[in-house]
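*Asks:* For the record, the sequence lines run as chains A and B.
Numbering (this note's numbering) for the first sequence: 4 to 201.
Numbering (this note's numbering) for the second sequence: 15 to 165.
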Amino acid sequence: MIICQIVGFLGSGKTTLLVQLGSELGKEGKKVAIIVNEIGEIGVDGAVIDSFGFQSVELTEGCICCTLAGSLQNTLKIISKEYQPDLIIIEPTGIALPNIIKKMVRIAMVGEDAMYTIGIVDAFRAEKLFKEAETFCRTQIDGADIVAINKIDLIEDGVREKVSDLVRSITPKSKVVFISAKQAQGLESLLELLREAS
Amino acid sequence: MSEDSKKMANTGAHGMKLTFHAHPSIPSDEFVSLIEDLLNSVGDKVNEMGKVLIGHAKTFITTPHGTLKVNLIDTDLGAETLNRLSSPEVEEGEMKFMCVLMGLSDHEVEEIMEESLESLKDRMELKIEEHEHHEHENEHQHQHDEHEHQQ
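(1) Between B/LEU180 and the rest of its own chain, which residues show a CB-CB distance below 6 Å, the 5 nearest in sequence each way excluded?
(2) Return the CA-CA distance between A/PRO101 and A/ASP89, expressed in angstroms with no decimal places.
(3) Helix, strand or coil for A/ASP156, going by three-state DSSP, please let me know.
(4) Look at A/GLU44 and A/GLU64 and say whether their C-beta atoms are less than 7 Å apart.
(5) Applying the criterion that 16 or more other CB atoms from any shown protein chain within 10 Å of the CB defines a buried residue, is A/ALA99 buried or exposed?
(6) Whole angstroms are fine: how far does the CA of A/MET107 sit from the CA of A/THR78?
(7) Per DSSP, what are the beta-bridge partners of A/CYS7 in this structure?
(8) What is the DSSP secondary structure of B/SER16, counted as helix, strand or coil?
(9) Could you pull out every residue in the same chain whose Cβ sits closer than 7 Å to the Cβ of B/HIS154, ignoring the five residues on either side in sequence?
(10) Just the C-alpha distance for A/VAL149 and A/VAL179, rounded to the nearest angstrom, thanks.
(11) Using Cβ-Cβ distances below 9 Å, what residues of the segment 116–140 of chain A are close to chain B?
(12) Using 10 angstroms around the beta-carbon of A/ALA117, count the other beta-carbons present and answer buried if the total reaches 16, otherwise exposed.
(13) Give me the chain A residues within the contact set of B/HIS70, using Cβ-Cβ distance strictly less than 7 Å, ordered along the chain.
(14) To the nearest whole angstrom, what separates the beta carbons of A/SER15 and A/GLY97, a pair I think is in contact under 8 Å?
(15) Using a Cβ-Cβ cutoff of less than 8 Å, which residues in the same chain neighbour A/ILE5 once the five nearest sequence positions on both sides are dropped?
(16) For the segment 25–36 of chain B, which residues have a CB atom closer than 7 Å to at least one CB atom of chain A, in sequence order?
(17) Can you check which of these residues, A/SER54, A/LYS33, A/ILE67, is closest to A/ASN40 by C-alpha distance?
(18) I want to see whether chain B comes within less than 7 Å of A/ILE45, judged by CB atoms only; does it?
(19) I'd like to know if A/SER59 contacts chain B, where contact means its C-beta is closer than 7 Å to some C-beta of that chain.
(20) Could you tell me the distance, in whole angstroms, from the CA atom of B/GLU105 to the CA atom of B/LYS31?
(21) Does the beta carbon of B/ILE75 come closer than 7 Å to any beta carbon on chain A?
(22) Between A/GLU159, A/ASP48, A/ALA136, A/PHE57, which has its C-alpha nearest B/MET22's C-alpha?
(23) Give the list of continuous beta strand (DSSP E) stretches no shorter than 3 residues that lie fully inside the segment 36–74 of chain A.
(24) By the three-class DSSP mapping on this structure, what secondary structure does B/ILE75 have?
(25) Runs of 3 residues minimum, wholly inside the segment 20–105 of chain B: which ones carry the beta strand (DSSP E) assignment?
(26) Spatial neighbours of A/VAL22 within its chain, please: C-beta separation below 7 Å, excluding the five flanking residues on both sides.
(27) Identify every residue that forms a DSSP beta bridge with A/VAL180.
(28) Do the CB positions of B/ILE75 and B/MET127 come within less than 7 Å of each other?
(29) Under 7 Å Cβ-Cβ, which residues of chain B neighbour A/THR70?
(30) Less than 7 Å separating the beta-carbons of A/PHE181 and A/ILE144?
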């Protein structure tokens, strides 16, 4: 069993990417379980994900990297025991800190074969976001296995290079891919990571 | 790192679940515009407060004849819509409406959302079904399970 977290700032396209990856892997016969976390007391993403034919577990009113850490661990234990998925995809809130989630998953001891982090960056808003919320944006991608620069359908080549340089300066060892989650473009490297692993 | 990333990010959040009934029913295209206006209104109100919209406003609507998802993450980009409504008219359904906005408190986010919902009341009856606050960082604490917003 593989656990993968898709981490990125608010509005970066995590849910759209999750649906695309989950759909593709589901078609290939993989058992995919989804845990989605929303900071508000009423979540939207769980309903969106379920409308695409998935059954997600939604953890609301807090962040799984801090106030809901216990809920995440319990949910992982239940899902891994009762559903026995090939892959668990975790979508944290847009202000979650991936290194802490990684630690929480490790402590949960659910017997995963590997855990991966996909960092997602909104290329359209990258300049604005790194200016207004630099700490979060940097922390969310630093050390990711793959950083997906999303929304390339909305930007020009010059912006693409700028964002790419910024990402590589923050996390030089991470693989960088360019995607449009909405248009299902450029997802092959991400699927490959999850296919090989699971 | 802080123990609470929400506080660390200085982020306010609020979510609500509503049911709506429109009498007469609303043509689907007009319904989609109304919901897009709702989300754009959130962005406008944030801008009026002199803040930059950094966050996410989103709604997901379920009707007996399909779903509608509308997001706003940037006022320059405008509302993004995924329309999977299959009926030419919308009469009733359930709406989940949520905003996470940096630089604002939970209470400020809630007020912006409730003010924005006012624009829908000319065309439909709204009932907030779940609206429980457990804690608002000492700003206020209240609970209203069946808070009706009616025309």
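Beta carbons are placed, not taken as given, at the ideal position from N, Cα and C, and that holds for glycine.
*Replies:* This is what the structure holds:
(1) This structure does not reach residue 180 of chain B, given that chain B is present from 15 up to 165, and the question cannot be answered.
(2) The straight-line gap separating the alpha-carbon atoms of A/PRO101 and A/ASP89 is approximately 21 Å.
(3) The answer is helix: DSSP assigns A/ASP156 an H, G or I state.
(4) Yes; because the gap between Cβ atoms is below 7 Å, this pair is in contact.
(5) Flag for A/ALA99 reads buried.
(6) The straight-line gap separating the alpha-carbon atoms of A/THR78 and A/MET107 is approximately 12 Å.
(7) According to DSSP, which records beta bridges pairwise, A/CYS7 is partnered with A/ILE92, A/TYR119.
(8) Note on B/SER16: pLDDT 40, under 50, position unreliable in the model; no value is reported.
(9) Bear in mind that a pLDDT of 40 at B/HIS154, under 50, signals an unreliable position, so the model cannot answer this.
(10) Sequence check: residue 149 of chain A is Ile here, not Val. Within the model, the alpha-carbon separation for A/ILE149 versus A/VAL179 is close to 6 Å.
(11) Listed by position, the residues of the segment 116–140 of chain A near chain B (Cβ gap below 9 Å) are ASP125, PHE127, ARG128, LYS131, LEU132, GLU135, ALA136, THR138, PHE139.
(12) Of the other Cβ atoms in all chains shown, fewer than 16 fall within 10 Å of the Cβ of A/ALA117; this residue is therefore exposed.
(13) For B/HIS70, the neighbours in chain A by C-beta distance under 7 Å run, in chain order, LEU13, GLY14, GLY97.
(14) About 7 Å separates the CB atoms of A/SER15 and A/GLY97; that is less than 8 Å, so the two are in contact.
(15) Contacts found: ASP89, LEU90, ILE91, GLU115, ASP116, ALA117, MET118, TYR119, LEU197, ALA200, SER201.
(16) Within the segment 25–36 of chain B, the residues whose Cβ lies closer than 7 Å to some Cβ of chain A are THR25, ALA27, HIS28, GLY29, MET30, LYS31, listed in chain order.
(17) Nearest in C-alpha terms to A/ASN40, of all of A/SER54, A/LYS33, A/ILE67, is A/ILE67.
(18) Closer than 7 Å: yes.
(19) So no, A/SER59 is outside the interface.
(20) Between B/GLU105 and B/LYS31, the C-alpha separation is close to 17 Å.
(21) Cβ-Cβ to chain A under 7 Å: no for B/ILE75.
(22) B/MET22 has its Cα closest to that of A/ALA136, out of A/GLU159, A/ASP48, A/ALA136, A/PHE57.
(23) Under the rule that a run must span 3 or more residues, the beta strand (DSSP E) segments found entirely inside the segment 36–74 of chain A read 59–62.
(24) In the structure shown, B/ILE75 sits in a strand (DSSP, three-state: E or B).
(25) Counting whole runs of 3 or more residues, the segment 20–105 of chain B contains the beta strand (DSSP E) stretches 25–41, 69–77, 80–86, 94–99.
(26) If we look at A/VAL22 and ignore the five residues flanking it on each side, its Cβ neighbours are ILE52, PHE55.
(27) Looking at the DSSP output, A/VAL180 shares a beta bridge with A/ALA151.
(28) Against a cut-off of 7 Å, the Cβ pair of B/MET127 and B/ILE75 comes out as no contact.
(29) Against chain B, a Cβ distance below 7 Å from A/THR70 picks out ASP18.
(30) For A/PHE181 and A/ILE144, no; Cβs fall outside 7 Å.
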